[in-house]
Amino acid sequence: MTLLETRARTGAMAQINPVAKLGASALIALPLILTLDMVSAAVALALECVLFLFAGIGWREFWLRTWPVWLAAPLTGVTIALYGEPSGTVYVEWFLVRVSDGSLALAGATMLRVLAIALPSVVLFVTVDPTDLADGLAQTLRLPARFVLGALAGLRMVGLFVDDWRALELARRARGVADRGRVRRFLGMAFALLVLSIRRGAKLSTAMEARGFGADVRRTWARPARFGAREWMLLLAGAAISASAIIAAVATGAWNFILGPA
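Heads up: the sequence shown begins at 59 in the numbering used here, then just goes up one per residue.
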């Protein structure tokens with residue numbers, strides 16, 4: 059475990075039930091999924107920035123965790139700006155590319171929407187331990203123990219992928235086949251990692267079944283998953299952000315229900 063992960067999992071946010079974090083993320087994303095406008099996305103993003111101050115993570119860790127989101131959002135906006143539905147004044151028109159007032163507005167709304175939906179999910183789940191998540195799903199949401207334990211085992215195996223990839227790379231380099239054909243090398247290593255993952259999954263499944271993890275009996279849990287005032291406060295914050303975004307969009311006339319009539 060890295061120093062960043064240790065700090066994140068010892069902060070105040072790490073003590074909150076992961077089910078509450080999952081619910082807060084869903085509450086924030088709900089209005090942004092139903093509409094596509096700049097007002098609701100901008101309001102939600104601004105309020106989320108306030109929520110991030112209480113997440114218990116430093117700015118360096120924040121950027122390290124969220125940089126893929128900051129990279130994906132502008133790329134999505136550029137794609138929409140170039141190939142979105144044109145309306146209003148057309149500024150550039152070449153083959154399939156049409157940049158207009160409508161496509162630019164849609165691109166801005168899409169970019170803010172991606173940020174507003176993805177950032178809270180990443181930030182809130184930085185502090186989630188897979189075991190705590192499994193405890194919350196089983197004890198708070200009452201999901202089947204067999205499903206929860208299988209998902210927990212799968213999450214635990216994800217962290218081994220990086221180590222396996224490094225081991226495969228070192229093994230190929232030791233055999234002198236890692237310096238040529240980057241595309242071919244990548245495909246070969248990806249296939250080898252897939253085979254290794256399938257074999258490991260089969261062995262893990264057999265071992266868990268032999269130890270009784272698949273038994274159809276009521277299971278007990280070593281650590282209780284509590285759902286108290288802090289969890290309800292987080293859910294309330296998510297609902298407040300969602301309601302504020304909806305009210306602002308409706309009040310300004312920007313609400314654009316994507317499931318409505320064309």
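Using N, Cα and C, we set each Cβ at its ideal position, and we do this for glycine too. These figures come from a predicted structure and were not determined experimentally.
From the options, residue whose alpha carbon lies closest to that of residue i
{"i": "S255", "options": "K79, R284, F219 and E227", "result": "F219"}
{"i": "V172", "options": "S300, W128, E289 and L154", "result": "W128"}
{"i": "V253", "options": "R200, D222, L228 and P76", "result": "D222"}
{"i": "S98", "options": "V308, A303 and E143", "result": "A303"}
{"i": "A102", "options": "F112, L245, G286 and S300", "result": "S300"}
{"i": "D187", "options": "R224, L294, R281 and L245", "result": "R281"}
{"i": "V216", "options": "Y141, G259 and R230", "result": "G259"}
{"i": "L182", "options": "E119, Y141, R231 and L213", "result": "E119"}
{"i": "F249", "options": "L226, P178, A165 and R200", "result": "L226"}
{"i": "A229", "options": "A295, A130 and G246", "result": "G246"}
{"i": "R277", "options": "F153, L111, I175 and A196", "result": "A196"}
{"i": "A283", "options": "L199, R233 and A306", "result": "L199"}
{"i": "L177", "options": "A163, Q73, A287 and C107", "result": "C107"}
{"i": "W117", "options": "A84, V184 and A100", "result": "V184"}
{"i": "A163", "options": "T124, A100 and D193", "result": "A100"}
{"i": "A130", "options": "P202, F285 and I175", "result": "I175"}
{"i": "G81", "options": "R257, G212, A203 and L293", "result": "L293"}
{"i": "S263", "options": "A211, F244 and G166", "result": "A211"}
{"i": "W125", "options": "L109, V180 and A139", "result": "V180"}
{"i": "T322", "options": "L201, I115, L105 and L213", "result": "What is shown of the chain runs 59 to 320, which leaves residue 322 out entirely."}
Per-residue DSSP class, three states only, for residue i
{"i": "F112", "result": "coil"}
{"i": "V184", "result": "coil"}
{"i": "L201", "result": "coil"}
{"i": "I86", "result": "helix"}
{"i": "R230", "result": "helix"}
{"i": "T310", "result": "helix"}
{"i": "G208", "result": "helix"}
{"i": "G81", "result": "helix"}
{"i": "G194", "result": "helix"}
{"i": "T60", "result": "The predicted position of T60 is uncertain, since its pLDDT is 48 and thus under 50; a value taken from the coordinates is nonetheless stated next. It is coil, neither helix nor strand."}
Residues that DSSP places opposite residue i in a beta bridge
{"i": "F315", "result": "T93"}
Original post:
With a cut-off of 8 Å, do at least 3 Cβ pairs link the region 135-147 to the region 67-87?
Top reply: no
Original post:
Which runs of the alpha helix (DSSP H), 4 residues or longer, sit entirely within the region 122-177?
Top reply: none
Original post:
Curious, which full-length alpha helix (DSSP H) runs of at least 4 residues does the region 235-307 contain?
Top reply: 240-268
Subject >> Validate contact between the region 296-315 and the region 239-246 using beta carbons, cut 8 Å, 3 pairs >> reply: no
Original post:
So does the region 83-96 actually touch the region 154-161, counting three or more Cβ pairs closer than 8 Å?
Top reply: no
Original post:
Contact between the region 81-90 and the region 164-180: three or more CB pairs below 8 Å?
Top reply: yes
**OP:** Take every Cβ of the region 264-275, pair it with every Cβ of the region 204-211, and state whether three or more of those distances are shorter than 8 Å.
**Re:** yes
**OP:** Could you tell me whether the region 72-84 touches the region 136-150, where touching means 3 or more Cβ pairs closer than 8 Å?
**Re:** no
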